[in-house]
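Worksheet: the structure to be examined is printed underneath.
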Amino acid sequence: ALSSLPGFQVLPLRQFGSWGPDITVKFDPQKDTYVMCHHGMRSLQVAQWLQTQGFRRVFNVSGGIHAYATKVDPSIPTY
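In this text, residue positions in the sequence shown follow this note's numbering: the first is 79, and each later residue adds one.
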């Protein structure tokens, strides 16, 4: 990942086949789950998919890491 936040695990969408089947083992579907991508569109798709897998508290970071870096933490590199 070119940019990331502490506490976030990087799960590239292109590797979905390897992490998708075990998602409820790797993460607790009962806890808050935040997803983020570069601009927020791919993570929105993942958030919707997570809901179909039983995750109930899923939050897509609107605007992605780019918006987060611009509006919240300018120390995060943008690309």
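We put the beta carbon where it would ideally sit given N, CA and C, even for glycine.
#1: What number of angstroms, rounded off, separates the C-alpha of Ser121 from the C-alpha of Tyr112?
#2: Would you report the Cα separation of Leu80 and Leu91, rounded to the nearest angstrom?
#3: Could you check where the alpha helix (DSSP H) with Thr102 kicks off and where it finishes?
#4: Give the secondary structure of Val113 by DSSP, where H, G and I count as helix, E and B as strand, and everything else as coil.
#5: The alpha helix (DSSP H) that contains Phe94, what's its start and end?
#6: How is Thr88 classed by DSSP in three states: helix, strand or coil?
#7: Could you tell me the alpha carbon to alpha carbon distance between Gly143 and Leu83, rounded to whole angstroms?
To lay it out plainly:
#1: Taking the straight line joining both Cα atoms gives about 9 angstroms.
#2: Here the alpha carbons of Leu91 and Leu80 stand approximately 14 angstroms from one another.
#3: Per DSSP, the unbroken alpha helix (DSSP H) holding Thr102 starts and ends at Ile101 to Lys104.
#4: If DSSP states are grouped into helix, strand and coil, Val113 belongs with the strands.
#5: Element bounds for Phe94: Phe94 to Trp97.
#6: One detail in the question is off: residue 88 reads as Val in this sequence, not Thr. In the three-state reduction of the DSSP assignment, Val88 falls in the coil class.
#7: Checking the displayed sequence, the identity of residue 143 turns out to be Ile instead of Gly. When rounded, the separation of the alpha-carbon atoms in Ile143 and Leu83 is 8 angstroms.
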